[in-house]
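Notes for the one structure printed next.
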Amino acid sequence: MSSNELIKIFLSEDVGAPAYKVVRALAERGSASAIELSRHTGLAKSTMSALVAELKDASVIIEPEPSKDARASSRGRPAVQLSLNPQAGTSVGVLPGPDFIGIALVDAAHGIRDERSVEIKPNYSVDQGVEAVAELVQQAYAATGLQRETLLGVGLAMPGPFNHRTGVMLRSTLLPNWVDLDIGAHFAKRFDVPVIADNESNCAAIAEMTWGAALGQQDFLYAKFDEGVGGAVIVDGRVLRGALGAAGEIGHFMVDPDGPLCTCGSRGCLEAMMRWDAIVRPARALFGENITFPQIAGRAQEGDPGCVRLISDAAAAAGRALAGICAVLNPPLIVVGGRYVLAGEVFLRAMQESFDRHFHIRDQTDGGSVTPIVAGTFSNNRDSTLGAVGLVLREKPFTRSA
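Here the sequence shown stands for residues 352 to 753, where the numbers follow my numbering.
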């Protein structure tokens, strides 16, 4: 069966094999021409031509039908695009939240085939989470008509600091029963496929790079402003994790040494100044009602002066922090996710203005920003769930099937 051949190549330990290089390159990119694959893998064009023919015959790769827009905009004969057979390989991404679990089912050609979630009682165990995921996965395959036997792997987006090498979550207030456990082993035992996991901010950045606002970008900074603050650094198309897996944790970048106390014990961390209660508490005092953060963001969009000030002050702190971070990293792009983005241009404009004031490099041409800040494509945690699929497609698993 073609699906078995794709899985065999995708999970092979022979990472130097030409077929492995091509399959992995297409899994990462979604689609590419033979010339692009030759350049990406380092294989000679003659080798690539023969290999493409062989993999086509095995139904491992296909030539997808070009879109109408692509046909209309092309001049001359366009390069033939290749992709993995979407019927022959699938991946599942999982986001275990504090009181919900979400999954995404994606085919090997990057087609998002199904997304669904279920509510679950807080403080659930790993085993309870695994069984809930198994039920969602069964529903997703049934709804799409795809075959469960095509599953290449499961990716996990973890809501807390995560040791990518060992598969252990170091701490989490959202999933306290999952800390210090080999989570990947639990999932691998249930699904009998390789498992790979990372923290949810790294996953969100991968989703933006694979399907969203950073599509085609090899270097960028991702910042997530939600109930807490997180981030990720992408360098040469890879997540930069650091010695302890904490690279990109921008929430504990100090903005004001005399600022509010943070949960980490320091003062003036970006997260202490931007977590939801830092905005909601003064808003409730101002409005005298049980206002929520999404309502504050909505009112800011509508021009309410008090809400605009609260969001703008938080955005200014974010801009200062990002300017300091970018003084070291100097990325060409910053992608912003999380529910602060609900405030739209009120948030983004104030953050960009603050960033530009504090960043030491100026555009020498038109005085504009040298590092644009753009909103991410996804909302409602879709970025983390889809990014968990991206882990499967882009990286080697740390947990093999049981």
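Glycine is no exception: its CB is placed at the ideal position from the N, C-alpha and C atoms. Computed from a predicted structure; not experimentally measured.
Runs of beta strand (DSSP E) with 3 or more residues, each lying fully within the segment 484-534, are found at 502-509, listed in chain order. Judged by DSSP secondary structure, LEU446 falls within the beta strand (DSSP E) whose first and last residues are 441-447. Here the alpha carbon of ILE630 sits roughly 12 Å from the alpha carbon of GLY579.
Residue environment: PRO545 is assigned as buried (16 or more neighbouring CB atoms within 10 Å of its CB, all protein chains considered). Note on ILE412: 16 or more other CB atoms within 10 angstroms of its CB, so buried under the neighbour-count rule.
Non-local beta-carbon contacts of GLU559 in its own chain, meaning distances under 6 Å to residues more than five positions away in sequence, involve ALA565, VAL686, GLY727 in chain order. For secondary structure counted as the alpha helix (DSSP H) over 4 or more consecutive residues, the segment 623-668 holds these complete runs in sequence order: 627-638, 644-652. Per the coordinates, the alpha-carbon of CYS615 lies some 47 Å from the alpha-carbon of GLY496. Counting along the chain, GLY738 sits inside no beta strand (DSSP E); it lies in the alpha helix (DSSP H) bounded by residues 733-745.
Residue environment: ALA555 is assigned as buried (16 or more neighbouring CB atoms within 10 Å of its CB, all protein chains considered). With a contact defined as Cβ atoms closer than 8 Å, LEU737 and ILE463 qualify at about 7 Å. Rounded to whole angstroms, the gap between the alpha carbons of SER617 and LEU487 is 41 Å. Taking a contact as a CB-CB distance under 8 Å, the pair ALA459 and THR441 counts as one, their CB atoms being some 7 Å apart. Burial is judged here by how many other beta carbons sit within 10 angstroms of a residue's own beta carbon; SER476 has fewer than 16 and is exposed.
Per DSSP, reduced to three states, the secondary structure at GLY567 is coil, with no helix or strand assignment. When DSSP assignments are scanned along the segment 360-418, no uninterrupted stretch of beta strand (DSSP E) that is 3 or more residues long falls wholly within it. Excluding the 5 residues flanking it on each side, ASP655 has no same chain C-beta neighbour closer than 7 Å. Here the segment 392-406 does not lie against the segment 525-544, with fewer than 3 beta-carbon pairs under 8 Å apart. Distance between VAL366 and VAL374, taken at the CA atoms: about 11 Å. Here the alpha carbons of ALA548 and GLN498 stand approximately 23 Å from one another.
Exposure of ARG516 is indicated by the presence of fewer than 16 other C-beta atoms within 10 angstroms of its C-beta. For GLU466, there is no enclosing alpha helix (DSSP H); the enclosing beta strand (DSSP E) covers residues 463-470. If you ignore the 5 residues before and after VAL403, its C-beta comes within less than 6 Å of the C-beta of ALA385, all in its own chain and listed in chain order.
By the neighbour-count criterion, in which a residue is buried when 16 or more other Cβ atoms sit within 10 angstroms of its Cβ, GLN703 is buried. In the three-state reduction of the DSSP assignment, ALA539 falls in the helix class. For VAL590 against ASN553, the beta-carbon gap comes to about 5 Å, under 8 Å, which counts as contact. Annotation for SER552: no beta strand (DSSP E) segment contains it, though the alpha helix (DSSP H) segment containing it runs 551-561. Exclusion of the five residues before and after PRO369 leaves LEU394, THR398, LEU402 as the residues of its chain whose Cβ lies within less than 7 Å of its Cβ.
Distance from the CA of GLU640 to the CA of MET520, rounded to the nearest whole angstrom, comes to 38 Å. DSSP places ILE601 in the helix class (H, G or I) of the three-state scheme. Look at ILE712 here: in three-state DSSP terms it is coil, with no helix or strand label. Of the residues PHE710, ALA648, ARG690, GLY453, the one whose Cα lies closest to the Cα of LEU673 is PHE710. If the five residues before and after ARG650 are omitted, its C-beta is found closer than 6 Å to the C-beta atoms of CYS658, all from its own chain and listed in chain order. Under the DSSP assignment, ASP458 falls in the beta strand (DSSP E) whose first and last residues are 451-458.
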